[in-house]
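**Q**
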Amino acid sequence: MEETTTAIVMYPSPGIGHIISMVELAKLVIHHHQNFSITILLTTGFFDNPSIDSYINRISTSHPSITFHRFPTVTVTHSDKQTMAATAFHFIKSNSVNVDSKLRQISQTAVIKSFIIDLFCTSAMEIASQFGIPVYYFFTSGAAMLSLYSYFPKIHAETTVSFRDMVGVEIVAPGNAALSAVLMPEPVLDREDPAYWEMLYFCEHLSTAKGVLVNTFRELEVAAVKAVEDGACFPDREPSPPPVFCIGPLIADAQQQEEATGSEDCLSWLDKQPSRSVVYLCFGSRGSFSVAQLKEIAEGLERTGHKFLWVVKRPIQEHLGKNQVHGTAGEFELGSVLPSGFIERTKERGLVVRSWAPQVEVLSHESVGGFVSHCGWNSVLEGVVAGVPMIAWPLYAEQHVNRNVMVEDMKVAVAVEQREGNGFVSGEEVEKKIRELMQSERGTEIREMSLKFKDMARDALGEFGSSTKALSNLVQTWNNN
């Protein structure tokens with residue numbers, strides 16, 4: 002009799018960042034447990050990018066046991082009258098018929114042991130459940146954010162106004178430091194936004210999954226991990242909260258990152274700099290600033306006298322408002338968006354690159370001594386794995402939560418003071434925080450703590466590490482199904 006194939010199906014949200022995170026999970030599973038076939042479902046029609054296709058081709062070649070299935074194109078129109086998040090959630094929901102069709106097809110030739118979805122793909126949960134397929138979430142942020150989102154339905158039930166209007170009010174979720182209500186992630190800021198109600202639906206379903214995989218490791222977020230494991234953030238979950246599997250840190254291999262022109266220039270320039278002397282500034286794929294903010298960063302950098310490598314994206318066109326696409330690629334002149342003469346005056350100790358740098362390789366370079374980050378969770382983990390102390394400058398999404406974790410719990414960062422309302426940071430503040438990180442006693446303490454976490458991150462993924470053990474427990478659960 003022919004042996005039944007066992008399959009894992011994964012369903013990331015649209016966008017290259019979500020896809021890379023899910024692929025890293027697939028690679029981890031296959032590395033330790035080769036007996037699964039893995040299929041990753043991909044949407045078409047929203048947040049598409051040519052880099053996704055080239056990335057998928059690379060992975061298909063290097064990891065033939067990972068199969069990608071692209072859904073047919075689904076067309077949604079985005080208008081300025083609704084947020085990008087609301088449009089994205091509508092798009093994902095519109096792919097339900099495709100999910101149903103593919104799960105049905107795979108089930109005819111294999112036993113699907115697990116359907117692993119992104120939080121934003123919760124609309125697929127009911128479909129899988131109808132087939133009797135166990136559904137797990139892969140939560141690509143940290144445990145603190147998982148705790149906050151799991152607790153969000155309770156906060157919703159106890160409040161009646163939008164978070165954006167709760168000026169001066171603090172939100173406290175189990176395992177989290179207090180967070181100003183107006184700094185909650187954008188999709189939940191406004192009750193008038195359809196995205197708010199979608200997020201509520203997603204977060205209500207977290208507790209109903211067979212389990213939640215989190216891209217963190219137990220030693221990194223002790224209080225938050227305890228809150229999700231004990232169920233403190235699932236107040237109405239009976240009889241018990243879903244099991245939580247901390248299987249990180251998962252970051253893209255340096256060689257897997259998208260190649261771009263200028264990456265060799267960055268690394269060869271770093272090769273010439275003294276050990277731990279360079280401050281690296283990069284603010285993620287959406288990390289665009291106004292020209293006025295770029296000017297303040299430049300002036301602060303110039304006054305510090307420190308060496309720096311600064312990734313600058315195309316500036317925000319302020320008159321276009323919030324719904325423009327941040328960090329759009331394309332040519333622009335660095336000289337036209339930075340203070341006159343800045344590049345010339347700092348050329349002996351600084352390098353400004355346009356749009357992109359090979360971040361994993363940069364952070365692991367011997368000459369890098371500090372990282373000014375937007376606190377996106379992937380960047381936080383990359384900084385932790387490299388053992389580089391950080392300056393936290395959150396911009397959007399869950400980054401204010403991550404800043405609190407970095408500064409107050411991990412103690413691997415100092416945070417910039419930001420102007421209330423628009424988050425603007427002065428050149429004086431940029432200078433002050435770089436000096437604090439690179440020159441002060443506190444900076445030395447943060448550096449030492451960063452190096453301890455670097456060792457802990459390596460150990461967590463080692464043969465007897467906490468994350469390796471969590472993955473083994475998870476796979477055992479699948480095999481017992």
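Taking my numbering, the leading residue of the sequence shown gets 2, the next gets one more, and so forth. Think of the CB as a built atom: it goes at the ideal place given N, C-alpha and C, for glycine as much as any other residue.
Please name the residue, chosen from ARG350, LEU271, LEU396 and SER337, that lies closest to SER365 on a Cα-to-Cα basis.
**A** The shortest C-alpha separation from SER365 is found at LEU271.
**Q** What is the rounded straight-line gap between the Cα of PHE164 and the Cα of VAL189?
**A** Their backbone Cα atoms lie some 7 Å apart in a straight line.
**Q** Along the beta strand (DSSP E) that carries GLY371, what are the first and last residues, could you check?
**A** 369-374 is the extent of the beta strand (DSSP E) around GLY371.
**Q** Thinking VAL536 and PRO390 are a contact (beta carbons under 8 Å), I'd like their distance in whole angstroms, please.
**A** Missing from the structure shown is residue 536; the chain here goes from 2 to 482 and no further.
**Q** State the CB to CB distance for the pair GLY46 and VAL10, rounded to an integer number of angstroms; the pair is presumed to be in contact (CB under 8 Å).
**A** Not confirmed; about 20 Å, so no contact.
**Q** Under a Cβ-count criterion, where at least 16 other Cβ atoms within 10 Å of its own Cβ denotes burial, should PHE465 be classed as buried or exposed?
**A** The residue in question, PHE465, is exposed, as its Cβ has fewer than 16 Cβ neighbours within 10 Å.
**Q** Determine the burial state of PRO73: buried for a count of at least 16 other Cβ atoms within 10 Å of its Cβ, exposed for fewer.
**A** Exposed.
**Q** Short of 6 Å in beta carbon distance, which residues of its chain neighbour LYS405, apart from the five on each side in sequence? Order them along the chain.
**A** The residue you asked about is not Lys; residue 405 is Asn in the sequence shown. Excluding positions up to five away in sequence, the list reads ALA178.
**Q** For ASP119, is the classification buried or exposed, using 16 other Cβ atoms within 10 angstroms of its Cβ as the cut-off for buried?
**A** The residue in question, ASP119, is buried, as its Cβ has 16 or more Cβ neighbours within 10 Å.
**Q** On the criterion of 16 or more Cβ atoms from any shown chain inside 10 Å, does HIS401 qualify as buried, or is it exposed?
**A** Looking at its Cβ environment, which holds 16 or more other Cβ atoms inside 10 Å, HIS401 is buried.
**Q** So the candidates are ALA27, SER148 and LEU42; which of them puts its Cα closest to the Cα of GLN1?
**A** Look at the range of the chain in this structure, 2 to 482, and you will see that residue 1 is not part of it.
**Q** Sort out for me which residues DSSP pairs LYS308 with in a bridge.
**A** Answer is VAL279.
**Q** Can you list, in chain order, the stretches of the beta strand (DSSP E) that have 3 or more residues and sit fully within the stretch 371-448?
**A** Segments of the beta strand (DSSP E) lying fully in the stretch 371-448: 391-393 and 414-416.
**Q** Comparing alpha-carbon positions, which option in ALA144, LEU310 and GLY18 lies nearest ARG355?
**A** Looking at the Cα atoms, LEU310 is the closest of the given residues.
**Q** What three-state label does DSSP hand GLU300 in the structure shown?
**A** Reduced to three states, the DSSP call for GLU300 is helix.
**Q** State the DSSP-derived secondary structure class of PHE121, mapped to helix, strand or coil.
**A** Note: PHE121 maps to helix in three-state DSSP.
**Q** Name the DSSP bridge partner or partners of ILE60?
**A** BP columns for ILE60 are empty, so no partner.
**Q** Does the separation of the CB atoms of LEU147 and VAL223 fall below 9 Å?
**A** Not a contact, by the Cβ cut-off of 9 Å.
**Q** Do you know whose CA, among PRO275, THR305, LEU180 and ILE156, lies nearest GLN440's CA?
**A** Measuring from the Cα of GLN440, the nearest candidate turns out to be THR305.
**Q** Let me know if SER337 comes out buried or exposed under the rule of 16 or more other beta-carbons within 10 Å of its beta-carbon.
**A** So SER337 counts as exposed.
**Q** Rounded to whole angstroms, what is the Cα-Cα separation between SER102 and ILE21?
**A** Those two C-alpha atoms are separated by around 24 Å.
**Q** Among the residues of its own chain, which have a CB less than 7 Å from the CB of ARG71, if the five just before and after it don't count?
**A** For ARG71, where only same-chain residues beyond five positions count, the Cβ hits under 7 Å are LEU43 and THR45.
**Q** If distances are taken between C-alpha atoms only, which option among TYR138, LYS82 and LEU335 comes closest to PRO243?
**A** Checking every option, the nearest Cα to that of PRO243 belongs to TYR138.
**Q** What did DSSP end up calling ILE128 once you bin it into helix, strand or coil?
**A** Three-state result, ILE128: helix.
**Q** Looking at the strands, I want to know which residues DSSP matches up with GLY212.
**A** Answer is TYR137, bridged to GLY212.
**Q** By a C-beta neighbour count over all protein chains shown, 10 Å radius and 16 as the cutoff for buried, is GLN360 buried or exposed?
**A** Buried: at least 16 other Cβ atoms inside 10 Å.
**Q** According to DSSP, is SER473 part of a helix, a strand, or is it coil?
**A** SER473 falls in the helix class under three-state DSSP.
**Q** Could you check if GLU421 is buried or exposed, using at least 16 other CB atoms within 10 Å of its CB as the buried criterion?
**A** With fewer than 16 other Cβ atoms within 10 Å, it is exposed.
**Q** Closest to THR217 by CA distance: which of THR478, SER380 and THR445 is it?
**A** Nearest of THR478, SER380 and THR445 to THR217, Cα basis: SER380.
**Q** Let me make sure I understand the geometry here. Which of LYS114, ASP54 and GLN106 has the alpha-carbon closest to that of TRP479?
**A** The candidate whose alpha carbon is nearest that of TRP479 is LYS114.
**Q** Label LYS273 either buried or exposed according to how many other C-beta atoms from any shown protein chain fall within 10 Å of its C-beta, with 16 as the threshold for buried.
**A** Exposed, because fewer than 16 other Cβ atoms sit within 10 Å of the Cβ of LYS273.
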